[in-house]
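A.B. asks: If you count by the working numbering, then the sequence shown holds residues 35 to 463, one letter each, in order.
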Amino acid sequence: MITKEEKRQKQKQGMLENVMRQFNNASDRMGLDPDIRKILRITNNELLVHFPVKMDNGNVEVFTGYRVQHNNALGPYKGGLRYHPTVDLDAARALAMWMTWKTSLAGLPLGGAKGGIQIDPSHYSTAELERITRRFTFALGDNIGPELDIPAPDVNTNAQTMAWILDTYMSTKSPNERSTNLHVVTGKPVGAGGSEGRDRATGYGVYLCIKFWAEHNNINLKGRKFIVQGFGNVGYWASFFLEKEGAVLTAVQDVSGSIFNSGGIEVEKLERYMARHDRKIAGFPGVEVIDNDAFFALDCDICIPAALGNQITEKNAGAIKALVIAEGANGPTDIQAENMLLDRGVAIIPDILCNSGGVIGSYFEWLQNRNGEIWQLEEVTAKLRKKLRESFGRVMKVMEERNVDMRTAAFIIAIERLEQAYRQRGIFP
Ligand code: GLU
């Protein structure tokens, strides 16, 4: 029997291995310049910090935080901060690389980074999390910045976390820099310089990608069944919009278990329940509790992994019934599983496209802060839809022209843009 620690270790190693294999595969297909390949296969900067924080009981605990900056050839480093026990250097490296491909594919003037703290935030009070976040921000110092590296929410971090980072960053700057640094983080609360629509941007983007995919394949989403792993910000908003479209949420899995109802689970009802129950699905009434291992094998049309990496593996891929997997999470499908699924004709909308609505929303927030503008929700939504439609269209085109799968097509587009930037700029000195 494998221990929890071994499982975590495997998951972390797996992510870096996964992203490298995806990168190598696309690079081979497109015949990437070997010198540019050498640059892109490695990260630019890797920061590891240890910092002490006083706990509520007066004891001091020392935490480990990471920020990995993979590439900034196209613009400032960009990517989230996650608070999770699986966060370490390799995990941050993998996730930072995915950010580079994601921002490049979306056509943004941004690079890729990722980081976080190796903790289980459920073990800490809100006041402790605030102090941990502020002290982490202080430890990052000038390694982040509005024109250098811009963090955002990720697993177990949210708008509140970003507000603490902003406030700490501002408080440690000289007075004349304080009010011009709002764009040091994105995903802030709207009242603290955040953008309308950023909260739903990732999930809305997941929904849009599913809708574009369905249109492309002449499929009507009405009555289609979908299952969601992870009912955080991404899972919830994707479900919200799919339900509005007439699709039916039949199963959800989170850290507290798996629930199923063939007749449908009401999205708002579940969200309200979770708000009252520690953000967990366990105990939700009117559903059948099923075995976690049975989750991915459920009968459905759309499967949305919106939790952590390496969830769909050779162990469960064979049993998946969905027509399409929409990757709300980063790296949820490993290479072996992907090959098995593609062989069976299951479509996979890859993470760097499927969940790119989040970073596109972040880009809009960053632009508004930088230009002193405030956009209405309709404007943000319309711009997001336009950008995602373009990305989706580009991916479909390359997929058909080069006869590759959707992920390889997305990677080729992303890498080609970076290749061009390096070719035109040359290598210093
Ligand atoms: N954490 C999100 C992601 O993985 C958002 C990153 C951002 O907005 O910078 O794409």
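Built from N, CA and C at the ideal position, the CB exists for glycine as well.
Please report how far the alpha carbon of residue 300 lies from the alpha carbon of residue 159, in whole angstroms.
C.D. replies: The residue labelled residue 300 in the question sits at position 266 within the sequence shown. The residue labelled residue 159 in the question sits at position 125 within the sequence shown. Approximately 30 Å between the Cα atoms of the pair.
A.B. asks: Just reading off the alpha helix (DSSP H) that residue 287 is part of, what are its end residues?
C.D. replies: Stepping through the sequence shown from its first residue, residue 287 is reached at position 253. Here residue 287 belongs to no alpha helix (DSSP H); instead the beta strand (DSSP E) covers 282-288.
A.B. asks: Ordered along the chain, which non-local residues of its own chain (more than five positions away) have a Cβ less than 6 Å from that of residue 106?
C.D. replies: Locating residue 106 in the sequence shown gives position 72, where the first residue counts as 1. Taken in chain order, the residues that qualify are 145.
A.B. asks: Are there 16 or more other CB atoms within 10 angstroms of the CB of residue 462, so buried, or fewer, so exposed?
C.D. replies: As a first step, residue 462 must be located in the sequence shown, where it is residue number 428. Per the 10 Å Cβ criterion, exposed.
A.B. asks: Comparing the CB of residue 77 with every heavy atom of ligand 1, is any distance shorter than 8 Å?
C.D. replies: Reading the sequence shown from its first residue, position 43 is the one you call residue 77. Residue 77: no, Cβ never under 8 Å from ligand 1.
A.B. asks: Which whole-angstrom value is the C-beta distance of residue 292 and residue 329, which I expect to be below 8 Å?
C.D. replies: The sequence position of residue 292 within the sequence shown is 258, counting from 1. The sequence position of residue 329 within the sequence shown is 295, counting from 1. Contact flag correct, Cβ pair sits at about 5 Å.
A.B. asks: Restricting to Cα atoms, I'd like to know which of 369, 376, 163, 132 is closest to residue 95.
C.D. replies: Indexing the sequence shown from 1 puts residue 95 at position 61. The shortest Cα separation from residue 95 among 369, 376, 163, 132 belongs to 163.
A.B. asks: Less than 9 Å between the beta carbons of residue 149 and residue 92, yes or no?
C.D. replies: Taking the first residue of the sequence shown as position 1, residue 149 is located at position 115. Taking the first residue of the sequence shown as position 1, residue 92 is located at position 58. Taking 9 Å as the Cβ cut-off, residue 149 and residue 92 do not qualify as a contacting pair.
A.B. asks: Who are the Cβ neighbours of residue 198 in its own chain at under 6 Å, not counting the five residues just before and after it?
C.D. replies: The residue labelled residue 198 in the question sits at position 164 within the sequence shown. Excluding sequence neighbours, residue 198 sits near 164, 167, 168.
A.B. asks: Throw me the rounded Cβ distance for the residue 316 and residue 290 pair, which I believe falls under 8 Å.
C.D. replies: Looking up residue 316 in the sequence shown gives position 282. Looking up residue 290 in the sequence shown gives position 256. Confirmed, about 4 Å.
A.B. asks: May I ask you to report which of helix, strand or coil DSSP gives residue 113?
C.D. replies: Residue 113 sits at position 79 when you count from the first residue of the sequence shown. Residue 113: strand per DSSP, three-state reduction.
A.B. asks: Is the closest heavy atom of ligand 1 to the C-beta of residue 186 under 8 Å?
C.D. replies: Within the sequence shown, the letter at position 152 stands for residue 186. Flag set: Cβ of residue 186 near ligand 1.
A.B. asks: Mind checking whether the beta-carbon of residue 364 lies closer than 8 Å to any heavy atom of ligand 2?
C.D. replies: By its list of ligands, the structure shown excludes ligand 2, since it contains just ligand 1.
A.B. asks: Using three-state DSSP, classify residue 155 as helix, strand or coil.
C.D. replies: Mapped onto the sequence shown, residue 155 falls at position 121. Residue 155: helix per DSSP, three-state reduction.
A.B. asks: Determine the DSSP secondary structure at residue 472, reduced to helix, strand or coil.
C.D. replies: In the structure as shown, the chain starts at 35 and stops at 463, and residue 472 therefore has no counterpart that could be examined.
A.B. asks: Can you give me the Cβ contacts of residue 217 inside the same chain, cut-off strictly under 6 Å, excluding the 5 residues immediately before and after it?
C.D. replies: As a working note, residue 217 is residue 183 in the sequence shown. Contacts found: 180, 400, 403, 404.
A.B. asks: Inspect the beta-carbon positions of residue 359 and residue 383 and report whether they are closer than 9 Å.
C.D. replies: Mapped onto the sequence shown, residue 359 falls at position 325. Mapped onto the sequence shown, residue 383 falls at position 349. Closer than 9 Å, so yes.
A.B. asks: How close, in whole Å, do the beta carbons of residue 231 and residue 222 come, if the pair is a contact with beta carbons under 8 Å?
C.D. replies: If you number the sequence shown from 1, residue 231 lands on position 197. If you number the sequence shown from 1, residue 222 lands on position 188. Their Cβ separation, rounded to whole angstroms, is 13 Å, which puts residue 231 and residue 222 out of contact at 8 Å.
A.B. asks: I think residue 241 touches residue 265, with their Cβ atoms under 8 Å apart; what is that distance to the nearest whole Å?
C.D. replies: Along the sequence shown, one-based indexing puts residue 241 at 207. Along the sequence shown, one-based indexing puts residue 265 at 231. With 8 Å as the limit, residue 241 and residue 265 do not qualify as a contact, their Cβ atoms being about 15 Å apart.
A.B. asks: Checking 9 Å against the spacing of the C-beta atoms, do residue 369 and residue 56 come in under that value?
C.D. replies: Taking the first residue of the sequence shown as 1, we reach residue 369 at position 335. Taking the first residue of the sequence shown as 1, we reach residue 56 at position 22. Yes, the Cβ-Cβ distance between residue 369 and residue 56 is below 9 Å.
A.B. asks: Using the Cβ count rule (16 or more neighbours within 10 Å means buried), how would you classify residue 161?
C.D. replies: By 1-based counting over the sequence shown, the position of residue 161 is 127. Exposed, because fewer than 16 other Cβ atoms sit within 10 Å of the Cβ of residue 161.
A.B. asks: Spatial neighbours of residue 226 within its chain, please: C-beta separation below 6 Å, excluding the five flanking residues on both sides.
C.D. replies: Here residue 226 refers to the residue found at position 192 when the sequence shown is read from its first residue. 197, listed in sequence order.
A.B. asks: Can you name the start and end residues of the alpha helix (DSSP H) that residue 292 belongs to?
C.D. replies: For the purposes of this step, residue 292 is identified with residue 258 of the sequence shown, where counting begins at 1. Here residue 292 belongs to no alpha helix (DSSP H); instead the beta strand (DSSP E) covers 291-294.
A.B. asks: Applying the 10 Å Cβ sphere with the 16-neighbour rule, what's the burial state of residue 454?
C.D. replies: Walking along the sequence shown from the start, residue 454 turns up at place 420. By the 10 Å Cβ count, residue 454 comes out exposed.
A.B. asks: Report the rounded CA-to-CA distance for residue 327 versus residue 321, giving the unit in angstroms.
C.D. replies: Against the sequence shown, residue 327 aligns to sequence position 293. Against the sequence shown, residue 321 aligns to sequence position 287. Spanning the two alpha carbons is a distance of roughly 17 Å.
A.B. asks: In this structure, does DSSP put residue 182 in helix, strand or coil?
C.D. replies: In the sequence shown, the residue the question calls residue 182 occupies position 148. Looking at residue 182 - three-state DSSP - the assignment turns out to be coil, as it is neither helix nor strand.
A.B. asks: Return helix, strand or coil for residue 361, following the three-state DSSP convention.
C.D. replies: If you number the sequence shown from 1, residue 361 lands on position 327. If DSSP states are grouped into helix, strand and coil, residue 361 belongs with coil.
A.B. asks: Tell me whether residue 87 counts as near ligand 1, meaning its Cβ is closer than 8 Å to at least one heavy atom of that ligand.
C.D. replies: Numbered from its first residue, the sequence shown carries residue 87 at position 53. For ligand 1, not one heavy atom lies less than 8 Å from the Cβ of residue 87.
A.B. asks: Restricting to Cα atoms, I'd like to know which of 233, 362, 458, 443 is closest to residue 58.
C.D. replies: Indexing the sequence shown from 1 puts residue 58 at position 24. Residue 58 has its Cα closest to that of 443, out of 233, 362, 458, 443.
A.B. asks: Starting from residue 85, trace the beta strand (DSSP E) in both directions and tell me its first and last residue.
C.D. replies: Locating residue 85 in the sequence shown gives position 51, where the first residue counts as 1. Where residue 85 is concerned, the enclosing beta strand (DSSP E) stretches over 79-88.
A.B. asks: Give the secondary structure of residue 197 by DSSP, where H, G and I count as helix, E and B as strand, and everything else as coil.
C.D. replies: Numbered from 1 along the sequence shown, position 163 holds the residue referred to as residue 197. Helix.
A.B. asks: In the DSSP assignment, find the beta strand (DSSP E) that holds residue 118 and state where it starts and stops.
C.D. replies: For the purposes of this step, residue 118 is identified with residue 84 of the sequence shown, where counting begins at 1. Note, residue 118: premise wrong, no beta strand (DSSP E); not H, not E.
A.B. asks: For a test of your reading of the model: does the CB of residue 132 fall under 8 Å from any non-hydrogen atom of ligand 1? Yes or no.
C.D. replies: On the sequence shown, position 98 is the one that residue 132 refers to. For ligand 1, at least one heavy atom lies less than 8 Å from the Cβ of residue 132.
A.B. asks: Could you check the C-alpha separation between residue 308 and residue 314 for me, to the nearest Å?
C.D. replies: Taking the sequence shown and counting its residues from 1, the one referred to as residue 308 is at position 274. Taking the sequence shown and counting its residues from 1, the one referred to as residue 314 is at position 280. Cα-Cα distance, rounded: 5 Å.
A.B. asks: Report the three-state DSSP secondary structure of residue 103 (helix, strand or coil).
C.D. replies: Position 69 of the sequence shown holds residue 103. DSSP places residue 103 in strand when its eight states are reduced to three.
A.B. asks: Roughly how far, in whole angstroms, is the beta-carbon of residue 445 from the beta-carbon of residue 335, given that I think they are within contact range, below 8 Å?
C.D. replies: Within the sequence shown, numbered from 1, the residue matching residue 445 stands at position 411. Within the sequence shown, numbered from 1, the residue matching residue 335 stands at position 301. So it is not a contact: roughly 26 Å between Cβ atoms.
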